[in-house]
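Asks: Okay, handing you the structure first.
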Amino acid sequence: MSAFTGNHILSVSQFDREQLEQIFAVADQMVPYAKREKVTRVLEGAILNNLFFEASTRTRLSFGSAFNLLGGEVRETTGLKSSALAKGESLYDTARVISGYADIIVMRHPMEGSVAEFAKASRVPVLNGGDGSNEHPSQALLDLFTMRKELARFDRDLDEVKVAMIGDLAHGRTVHSLSRLLALYKKVSFTFVAPKELGMPIEIVEYLIEKGHEVTETQSLEQGIADVDIVYQTRIQEERFSSQEVANQYRGAYRINQYVYSQFCQPSTVIMHPLPRDSRAEANELDTDLNENPNLAIFRQTDNGVLVRMALFALILGVEEKVAEYARPVNWYIGKRF
Ligand code: NCD
Numbered sequence: 034m035s036a037f038t039g040n041h042i043l044s045v046s047q048f049d050r051e052q053l054e055q056i057f058a059v060a061d062q063m064v065p066y067a068k069r070e071k072v073t074r075v076l077e078g079a080i081l082n083n084l085f086f087e088a089s090t091r092t093r094l095s096f097g098s099a100f101n102l103l104g105g106e107v108r109e110t111t112g113l114k115s116s117a118l119a120k121g122e123s124l125y126d127t128a129r130v131i132s133g134y135a136d137i138i139v140m141r142h143p144m145e146g147s148v149a150e151f152a153k154a155s156r157v158p159v160l161n162g163g164d165g166s167n168e169h170p171s172q173a174l175l176d177l178f179t180m181r182k183e184l185a186r187f188d189r190d191l192d193e194v195k196v197a198m199i200g201d202l203a204h205g206r207t208v209h210s211l212s213r214l215l216a217l218y219k220k221v222s223f224t225f226v227a228p229k230e231l232g233m234p235i236e237i238v239e240y241l242i243e244k245g246h247e248v249t250e251t252q253s254l255e256q257g258i259a260d261v262d263i264v265y266q267t268r269i270q271e272e273r274f275s276s277q278e279v280a281n282q283y284r285g286a287y288r289i290n291q292y293v294y295s296q297f298c299q300p301s302t303v304i305m306h307p308l309p310r311d312s313r314a315e316a317n318e319l320d321t322d323l324n325e326n327p328n329l330a331i332f333r334q335t336d337n338g339v340l341v342r343m344a345l346f347a348l349i350l351g352v353e354e355k356v357a358e359y360a361r362p363v364n365w366y367i368g369k370r371f
């Protein structure tokens, strides 16, 4: 049992550094299971309900896969229109009902604060899979876990790290959660590159400064990505704009390709993105010509997401010490996935 057992994961503000280390240590132990070298049945009989009331590919599937990899079963509902919320049911009622069907719930919803409201009425732990523009805690955890690993290749850690976040920082819940988590480290240098109207919310900037970090805001990509350890690119969150036309004004404002990288970044700068990257010609925020760049970490992020989500389930359901006890060898061909 740990401090996580039985608890919700709603916001990154609930974590301290020690807890982060604990999550990352459990995530590291999940590698043989995610790599399919071993199978564990530690959550055999347990049920996860995935409630995704907003578009998702990797968050929904990686939470589901993580639960399956621990031996549990997954039930899901996707889309607001196909759920009873479209019939006027309250979050309270939905939570009371669904929490009778599952041992744990992951929920994504377009309204800020909705997952926390749902969690209040839930009888089982709830994980926030993204609530509007507000927070995306599991993404921030996997991003931080990835940063740690990437920096370790250069004998560096997160204290005094220099990070540039680019794009729609006003609506991007990933950058909101990630900035707050990074603030737990020592003297982080943040550079926020965004169009004037899409800057990082003032309350987050003030929070980072109050915690003793350095914050630079700029509209210049070239200036922002020079001399940083990590470039964290993001997508224009078109679903949060009043119309596609308004979103179109910002699409393609900041494009990173191999030429831009070699021209302006340090040779060791790590490139990250929560994905999906918008690869349409009018956006192309992270060009596919970066795919062979060894510092492009985007697919390591998605692989790490499974490890971190497995760790969260194991810790919340109190089985983190028992995973190996329920392990057995794999019988099938495991391919060249890793
Ligand atoms: C992000 C999200 O949903 O906030 N995606 C994800 O979960 N990896 C980022 C985005 O959609 O741009």
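Numbered according to the working numbering, the sequence shown spans residues 34 to 371.
Think of the CB as a built atom: it goes at the ideal place given N, C-alpha and C, for glycine as much as any other residue.
When you measure from the CB of residue 111 to every non-hydrogen atom of the ligand NCD, does any distance come out below 6 Å?
Replies: no
Asks: Using 8 Å as the cut-off, can you tell me whether the stretch 249-263 makes contact with the stretch 212-227, which would need three or more C-beta pairs spanning the two stretches below that distance?
Replies: yes
Asks: With the ligand NCD as the reference, list in chain order each residue whose Cβ lies under 7 Å from any of its heavy atoms.
Replies: Contact residues of the ligand NCD (beta-carbon closer than 7 Å to any heavy atom; chain order) are 89, 91, 92, 163, 169, 172, 205, 206, 207, 267, 268, 270, 307, 308, 309.
Asks: Do residue 244 and residue 216 come within 7 Å of each other at the CB atom, strictly closer than that value?
Replies: yes
Asks: With H, G and I counted as helix, E and B as strand and the rest as coil, what does DSSP make of residue 190?
Replies: coil
Asks: Please classify residue 207: does DSSP put it in a helix, a strand, or coil?
Replies: helix
Asks: Nearest CA to the CA of residue 98: which residue from 330, 69, 123?
Replies: 69
Asks: For residue 105, which residues in the same chain have their Cβ closer than 8 Å to its Cβ, ignoring the five residues on either side in sequence?
Replies: For residue 105, where only same-chain residues beyond five positions count, the Cβ hits under 8 Å are 76, 77, 78, 79, 80, 81, 136, 346.
Asks: What are the residues that DSSP puts in a beta bridge with residue 195?
Replies: 222
Asks: Alpha carbon to alpha carbon, what distance is there between residue 254 and residue 360?
Replies: For residue 360 and residue 254, the gap between their C-alpha atoms comes out near 48 Å.
Asks: Evaluate contact between the stretch 289-296 and the stretch 334-345, counting only Cβ atoms and requiring at least three cross-stretch pairs below 8 Å.
Replies: Short answer: they don't touch.
Asks: Is the stretch 114-131 touching the stretch 160-177 in the sense that three or more CB pairs, one from each, lie closer than 8 Å?
Replies: no
Asks: Please classify residue 192: is it buried, with 16 or more other beta-carbons within 10 angstroms of its beta-carbon, or exposed?
Replies: exposed
Asks: Measuring CA to CA, which of 332, 95, 187 is closest to residue 299?
Replies: 187
Asks: Note down the Cα distance separating residue 38 from residue 64, rounded to an integer number of angstroms.
Replies: 22 Å
Asks: Shorter than 7 Å from the beta carbon of residue 128 to some beta carbon of chain D?
Replies: Absent here is chain D; the protein component of the structure consists of one chain.
Asks: Going by beta-carbon coordinates alone, are residue 342 and residue 316 separated by less than 7 Å?
Replies: no
Asks: Could you compute how far the alpha carbon of residue 239 sits from the alpha carbon of residue 184?
Replies: 27 Å
Asks: Check this for me: beta carbons of residue 143 and residue 51, under 7 Å apart or not?
Replies: no
Asks: Using DSSP bridges, identify the partner residues of residue 107.
Replies: For residue 107, the pairing in a beta bridge is given by DSSP as 81.
Asks: What's the call for residue 48, buried or exposed, on a 16-neighbour Cβ count within 10 Å?
Replies: buried
Asks: If you follow the alpha helix (DSSP H) that residue 97 is part of, which residue opens it and which one closes it?
Replies: Following the DSSP letters along the chain, one finds residue 97 inside the alpha helix (DSSP H) bounded by residues 91-102.
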